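Residue numbers (the working numbering), protein chains in the order written: chain F, 1 to 349; chain P, 1 to 349. Built from N, CA and C at the ideal position, the CB exists for glycine as well. As the structure is a prediction and not an experimental result, all values here were calculated from the model. Reviewing the structure listed below.
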DNA sequence: CTGAAAGCGCTAACAC
DNA sequence: GTGTTAGCGCTTTCAG
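Right under this line is the structure:
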C-alpha cells in the first residue's frame with residue numbers, strides 16, 4: 001500500500017462516493033447526515049487519516065481559533081511561568097498559540113508584531129510583556145488599523161484596556177507589614193530597575209509602609225538593582241555602607257535577596273537576628289537558601305491563565321455578560337506572603 | 001474618515017486601478033512592474049495599511065513559514081531557555097512559531113499533537129521534550145501519514161533521526177574529572193529520575209569515572225532524586241547515612257546541589273573542605289550560593305537555536321549540502337565546566 | 001438528507 | 001508590464 005500525501009476533502013469525498021459538503025458535515029458533526037452515510041464517510045476518514053486544514057477553515061470562517069502571544073525574557077522564570085499558564089488555558093479552550101518573543105523588554109515598535117499576528121488571522125493577542133520604560137506609549141496613539149482584541153499583562157491599569165496583573169504594591173505592603181510586625185525598624189530596600197512598573201510599585205510599598213509607621217525614609221536607605229543576583233550583591237554592599245543601622249532588607253525579587261544572604265554570611269551577620277530578609281516571587285530555590293527565604297509569592301502562572309480567560313470572554317460573546325467587555329475591569333491578583341526563616345526574628349531564641 | 005476592516009488584495013487593486021496580480025507582484029518585490037505602477041500601488045498599500053493574509057498565502061504556496069514547537073515543563077528554567085533559543089532563531093529565519101506545551105514529560109500519545117500542527121500546515125516540527133520513559137516509543141511505529149519534517153531535542157541518538165542535545169555524559173565526566181583532580185575520592189551521586197535519558201547519562205558518567213579510577217562503586221553511594229531541591233534534601237540525608245566516608249557529591253542538577261549545600265551547612269560540614277559539591281546546568285543563582293557552586297554549564301539556549309538551524313537545513317533545500325539530510329548526524333553539544341568555590345579543596349588553606 | 005455553486009485571499013501559469 | 005484564469009481546501013448558501 002502506497003502512502004500518499006495528506007489527503008484533502010475532495011479525495012475523501014471521492015473515496016466515499018459523496019460530495020465534499022457531506023464530508024464537511026460529517027467532520028463538523030452536523031445532524032443532517034443519514035447514519036449510513038455518516039458511518040461510511042467516517043470509515044474513509046479514518047482509513048485515509050484525513051485531517052481538515054485549519055488554514056482553509058480559518059480563511060472561510062474568518063475565525064482561526066488562534067491567539068498571538070507576545071513575551072520577552074523567556075530565560076527568566078517569571079515570563080516562562082506566565083507563558084505556561086497561557087499554554088495550558090489555551091489548550092483547555094481549544095485555541096492554538098502563535099508565539100513571539102521580543103529581544104528586549106522595552107520594545108516600542110509594536111506594529112510589525114501585531115501585523116504578523118493579524119496576517120495569521122489571530123483572533124486575539126495577549127501582550128505578556130511587562131510595562132517597562134515607554135513600551136506602553138503606543139497605546140496613546142494606537143495604530144488605527146489594528147482591529148485585534150488584546151489583553152495586557154503586568155501594567156498600570158488604564159481606562160478601557162483589559163489588564164491582568166499581580167498586585168505588586170499590595171505584595172510589597174505584605175512584605176513590609178511582616179517585617180514591621182517582627183520588630184524590624186531599619187528596613188532597607190533593593191529595588192528593581194525603576195523603569196519597570198513592577199519595580200516602582202514594590203518600592204512605593206516599601207516607602208509608604210515606612211512613612212505610615214512614622215519611620216523616616218532617606219535616599220540612602222535604598223539602592224536600585226536590575227533584578228540579577230549580581231546587581232543585588234553590589235546593592236547590598238552599598239546599603240551596608242550607607243545605612244549601618246539597617247536591620248532588615250526588602251529585596252524586590254528573590255535573586256537579589258539571595259545576594260543579601262550571601263553578603264550577610266560573608267560579613268558574619270546572622271539572619272534573621274542581625275538582618276531580616278524578605279524577597280519577592282517565591283522562586284523554587286528560595287525554600288532552600290540558608291536560611292530559607294521569606295518571600296511574596298506571585299502567581300504568574302495564574303496571571304497567564306486568567307489572561308486567556310479574559311480573552312475568551314472578549315472574543316466569544318454570548319458566553320457571559322457582554323456589558324463587561326464595555327467596562328473591562330483590571331484584574332489585580334493578590335499575592336501571598338510565604339514566611340520562612342530569613343525574617344523570623346521573634347521566634348528565634 | 002471611516003475605518004474599515006482589514007483590506008484585502010482586491011480592495012487595494014481597485015483603489016490603485018490595477019489587477020490583484022499587480023498588487024501581488026508589488027508585495028513580493030517582483031521585478032516585472034513598472035516603477036510608476038509600483039509606486040502608486042505602494043502608496044495605496046501604505047494608506048490602507050494593507051497586510052497580506054499569511055493564511056491564504058500558505059494555502060496556495062503549500063508553504064507556511066511556520067514551525068510547530070512541542071515543549072513541556074515551561075515552569076522549569078531549562079525548557080524555557082531552550083524555547084527562547086528557538087524563538088530567537090525562528091525570528092531570524094523568518095518563521096512563525098506554533099507552540100504546544102505538554103502537561104507532562106512522559107506523554108506517549110503524540111498523534112493529536114502532530115495532527116494539530118499538520119492541520120496548520122506547519123513546515124516542520126521541533127520536538128523539544130526530552131526523552132523520558134517511553135515517550136520516544138512511537139518512533140518505532142511512526143504514524144505513517146505524518147509527512148512533517150521533525151527535529152528532536154535531548155534524546156539518545158538514533159539512525160536517521162535529526163537530534164540536537166547537550167552531551168550529558170561528557171558533562172558528567174567533566175564534573176567527575178574535576179572532583180578527582182581536586183583529590184576527592186569518596187564521591188557520592190544524587191541522580192535525576194532515571195526514567196530520564198539525561199539522568200541516566202549523568203549517572204553513567206559518575207559510575208564510569210569512578211571505575212576507571214579503580215574506585216569501588218556501591219549501590220549505597222548514590223540516591224535517586226527528581227530534580228527538585230526537596231528531593232535533593234531527602235537524597236543527601238540518605239547519603240550522609242549510607243556513605244559516611246563521602247567527601248564529595250556530584251548532583252545531577254543545581255537545584256539538588258543547593259540542598260547539599262544547605263544540608264552540609266546544617267551539619268556543620270564545611271564546603272569544600274569536608275564536602276566538595278558539583279552541580280549541573282549553571283542556573284543563574286548558582287554563583288550566589290554559599291559557597292558559590294561549581295557546575296556544568298549546559299547551553300540549552302544554543303540547543304534551541306541549533307534545532308531551528310537543523311530544521312531550516314532540512315526544509316530549505318539548496319542552501320547547503322543536501323546529502324546531509326540523508327544521514328542526519330546527531331549534534332551533541334559539549335558543555336563547559338564552571339569552577340567555583342564549592343569544589344576547590346586544593347586552593348583552600 | 002444531499003449536492004452544486006460561490007467564494008475566503010492569495011499566487012502560479014499563462015496570455016497579451 | 002499587466003491582466004485573466006484557475007485553484008489552494010474548505011464552508012456557506014441555496015437548490016433539489
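Assigned exposure category for residue i - 16 Cβ within 10 Å defines buried
{"i": "residue 322 of chain P", "result": "Low local confidence applies: a pLDDT of 49 at residue 322 of chain P is under 50, so the model's placement there is unreliable, with the coordinate-based value given in what follows. Label assigned to residue 322 of chain P: exposed."}
{"i": "residue 12 of chain P", "result": "buried"}
{"i": "residue 295 of chain P", "result": "buried"}
{"i": "residue 124 of chain P", "result": "buried"}
{"i": "residue 121 of chain P", "result": "buried"}
{"i": "residue 203 of chain F", "result": "buried"}
{"i": "residue 244 of chain P", "result": "exposed"}
{"i": "residue 216 of chain P", "result": "exposed"}
{"i": "residue 305 of chain P", "result": "buried"}
{"i": "residue 31 of chain P", "result": "exposed"}
{"i": "residue 22 of chain P", "result": "buried"}
{"i": "residue 98 of chain P", "result": "buried"}
{"i": "residue 183 of chain P", "result": "exposed"}
{"i": "residue 19 of chain P", "result": "exposed"}
{"i": "residue 218 of chain F", "result": "exposed"}
{"i": "residue 181 of chain P", "result": "exposed"}
{"i": "residue 160 of chain F", "result": "exposed"}
{"i": "residue 187 of chain P", "result": "buried"}
{"i": "residue 34 of chain F", "result": "exposed"}
{"i": "residue 118 of chain F", "result": "buried"}
{"i": "residue 345 of chain P", "result": "buried"}
{"i": "residue 108 of chain P", "result": "exposed"}
{"i": "residue 198 of chain P", "result": "buried"}
{"i": "residue 232 of chain F", "result": "buried"}
{"i": "residue 313 of chain F", "result": "buried"}
{"i": "residue 220 of chain F", "result": "exposed"}
{"i": "residue 135 of chain P", "result": "buried"}
{"i": "residue 266 of chain F", "result": "exposed"}
Presumed contact (8 Å Cβ cut-off) between residue i and residue j, rounded CB distance
{"i": "residue 278 of chain F", "j": "residue 343 of chain F", "result": "5 Å"}
{"i": "residue 105 of chain P", "j": "residue 130 of chain P", "result": "7 Å"}
{"i": "residue 176 of chain P", "j": "residue 165 of chain P", "result": "Between residue 165 of chain P and residue 176 of chain P the Cβ distance is about 19 Å, and since that is not below 8 Å, they are no contact."}
{"i": "residue 248 of chain F", "j": "residue 276 of chain F", "result": "4 Å"}
{"i": "residue 101 of chain F", "j": "residue 74 of chain F", "result": "6 Å"}
{"i": "residue 89 of chain P", "j": "residue 316 of chain P", "result": "Not quite, the Cβ-Cβ distance comes to about 13 Å (not below 8 Å), so this is no contact."}
{"i": "residue 193 of chain P", "j": "residue 128 of chain P", "result": "The pair is not a contact, with the Cβ atoms about 19 Å apart (cut-off 8 Å)."}
{"i": "residue 16 of chain F", "j": "residue 38 of chain F", "result": "Wrong, their Cβ atoms sit about 10 Å apart, outside the cutoff."}
{"i": "residue 132 of chain P", "j": "residue 196 of chain P", "result": "5 Å"}
Residue i Cβ short of 7 Å to the ligand FAD heavy atom set
{"i": "residue 337 of chain F", "result": "This structure lacks the ligand FAD; in fact it carries no ligand of any kind."}
Extent of the continuous beta strand (DSSP E) to which residue i belongs
{"i": "residue 113 of chain F", "result": "No beta strand (DSSP E) contains residue 113 of chain F, which is instead part of the alpha helix (DSSP H) from 111-119."}
{"i": "residue 332 of chain P", "result": "331-333"}
{"i": "residue 152 of chain P", "result": "150-153"}
{"i": "residue 165 of chain F", "result": "163-166"}
One or two residues paired with residue i in a DSSP bridge
{"i": "residue 337 of chain P", "result": "P/296"}
{"i": "residue 281 of chain P", "result": "P/297"}
{"i": "residue 127 of chain F", "result": "F/70, F/152"}
{"i": "residue 222 of chain P", "result": "P/189"}
{"i": "residue 172 of chain F", "result": "Answer by DSSP bridge pairing: none, since residue 172 of chain F is not bridged."}
{"i": "residue 133 of chain P", "result": "Note: residue 133 of chain P sits in no beta bridge, so no partner."}
{"i": "residue 276 of chain P", "result": "P/248"}
Host alpha helix (DSSP H) of residue i (start-end)
{"i": "residue 229 of chain F", "result": "229-242"}
{"i": "residue 248 of chain P", "result": "Segment 248-251 is the beta strand (DSSP E) holding residue 248 of chain P; no alpha helix (DSSP H) there."}
{"i": "residue 266 of chain F", "result": "254-266"}
{"i": "residue 24 of chain P", "result": "20-27"}
{"i": "residue 16 of chain F", "result": "9-16"}
Any beta strand (DSSP E) of 3 or more consecutive residues that is wholly inside the segment 34-108 of chain F: Within the segment 34-108 of chain F, the complete beta strand (DSSP E) runs of at least 3 residues fall at 66-72, 96-102.
Every unbroken beta strand (DSSP E) within the segment 183-219 of chain P, with a cutoff of 3 residues, ordered by chain: For secondary structure counted as the beta strand (DSSP E) over 3 or more consecutive residues, the segment 183-219 of chain P holds these complete runs in sequence order: 187-191.
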